[in-house]
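The next block holds one structure in the form of structure tokens; read it before the comments.
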Amino acid sequence: MTSDKPKLKDMPNLDLFLEMQSAERGASKNTLSAYRQDLLDFQTYLEEKGNSAETAGEDDLSEFLNHLSEKGLAAGSMARKFSSLVGYYRFLVTENLRSDNPMQSIKRPKTTRPLPKLLSEADTGKLLEATQRLPEKTPADSYAKCRTICLLEILYATGMRVSEMISLKRSQVREMQRFIAISGKGGKERLVPLNDPAMEALTQWMRRRDE
Numbered sequence: 349m350t351s352d353k354p355k356l357k358d359m360p361n362l363d364l365f366l367e368m369q370s371a372e373r374g375a376s377k378n379t380l381s382a383y384r385q386d387l388l389d390f391q392t393y394l395e396e397k398g399n400s401a402e403t404a405g406e407d408d409l410s411e412f413l414n415h416l417s418e419k420g421l422a423a424g425s426m427a428r429k430f431s432s433l434v435g436y437y438r439f440l441v442t443e444n445l446r447s448d449n450p451m452q453s454i455k456r457p458k459t460t461r462p463l464p465k466l467l468s469e470a471d472t473g474k475l476l477e478a479t480q481r482l483p484e485k486t487p488a489d490s491y492a493k494c495r496t497i498c499l500l501e502i503l504y505a506t507g508m509r510v511s512e513m514i515s516l517k518r519s520q521v522r523e524m525q526r527f528i529a530i531s532g533k534g535g536k537e538r539l540v541p542l543n544d545p546a547m548e549a550l551t552q553w554m555r556r557r558d559e
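349 is the number of the first residue of the sequence shown in the numbering used here; add one for each residue after it.
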């Protein structure tokens with residue numbers, strides 16, 4: 349019965365690489381463990397083809413990365429494995445353990461930023477209801493509750509960014525037209541309409557703030 353465990357004798361510089369990462373870069377145990385697993389995964393892949401990480405060429409590395417992509421590996425995991433391979437082959441060249449760097453011409457996999465997760469309409473409704481139940485034992489409590497309701501109602505009604513919300517000035521509020529003027533990137537201004545709950549919450553907040 350053959351063992352599925354990678355043959356470490358075919359990757360004799362792995363431990364030295366990890367030691368260097370720990371000593372020179374201060375890599376954490378978790379990072380070192382991730383490096384080790386990434387490189388052993390590559391070694392295992394190559395052994396099935398009768399090759400090893402120490403002698404792998406650019407084509408071997410490209411095929412391995414394509415193999416991971418076809419398996420549907422997450423973009424973040426792909427990026428980490430790519431970085432592990434870059435670091436390993438750079439180390440081999442720096443230490444004169446290899447004359448060429450096969451990773452030098454391979455492009456880094458593209459990663460896409462995940463879209464922000466949005467609250468469902470039901471969850472948003474629960475959040476707004478919860479703010480209505482905030483205690484008002486002191487004037488400070490009442491003040492904070494009024495402000496919180498205003499913030500949430502406007503964010504929900506307009507979809508504006510939190511950064512836009514916290515930098516909002518009173519001069520940007522067009523009460524008569526029931527709009528908020530928001531300055532975006534490049535100084536471009538856009539008008540965002542307010543629904544009835546948002547307008548009511550904003551009016552109450554401005555009245556309370558001016559008291």
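Note that the Cβ used here is the ideal one computed from N, Cα and C, for glycine as well.
Source: prediction; values computed, not measured.
| Item | Value |
| --- | --- |
| Environment of D386 [buried if 16+ CB atoms lie within 10 Å] | buried |
| Selection from V521, S453 and T486 that minimises the alpha carbon distance to R438 | S453 |
| Complete runs of the alpha helix (DSSP H) confined to the stretch 395-450 [at least 4 residues] | 406-418 and 423-442 |
| Three-state class that DSSP yields for R538 in the structure shown | strand |
| L364 versus K517 - alpha carbon distance | 58 Å |
| Residue interval of the beta strand (DSSP E) (run including S531) | F527 to S531 |
| Under the three-state DSSP convention, the category R481 falls into | coil |
| Residue interval of the alpha helix (DSSP H) (run including S376) | It is not in any alpha helix (DSSP H) - S376 carries neither H nor E in the DSSP assignment. |
| Simplified DSSP state of R509, which is helix, strand or coil | coil |
| Sequence-distant residues of its chain with Cβ nearer than 8 Å to T551 (five each side left out) | E523 |
| Residue range of the alpha helix (DSSP H) that includes Q452 | First-last for Q452: undefined, no H or E at that position. |
| Whole-Å CB distance - T479 paired with I497, under 8 Å assumed | 5 Å |
| Which listed residue (S515, F390, N414 and R428) has its alpha carbon closest to that of T379 | R428 |
| Residue environment, S432, which counts as buried when at least 16 other CB atoms sit within 10 Å | buried |
| Residue interval of the alpha helix (DSSP H) (run including L597) | Examination of residue 597 is not possible in this model, given that the chain is present from 349 through 559 alone. |
| Beta-ladder partner(s) of R522, from DSSP | F527 |
| Own chain residues within Cβ distance below 6 Å of G304, not counting five before or after | Summary: the structure shown does not reach residue 304, with the chain confined to residues 349 through 559, and so no result is reported for it. |
| Cβ shell of Y383 (< 8 Å), same chain only, five flanking positions each side left out | F365, L366, Q369, A375, S432, G435 and Y436 |
| Nonlocal neighbours in the same chain, by C-beta distance under 8 Å from D389, ignoring five residues either side | K429 |
| Separation of T442 from S328, as counted between CA atoms | Missing from the structure shown is residue 328; the chain here goes from 349 to 559 and no further. |
| C-beta contact flag for L409 and P450 at 8 Å | yes |
| When K397, R373, T403 and L394 are compared against N361, the one with the closest alpha-carbon | T403 |
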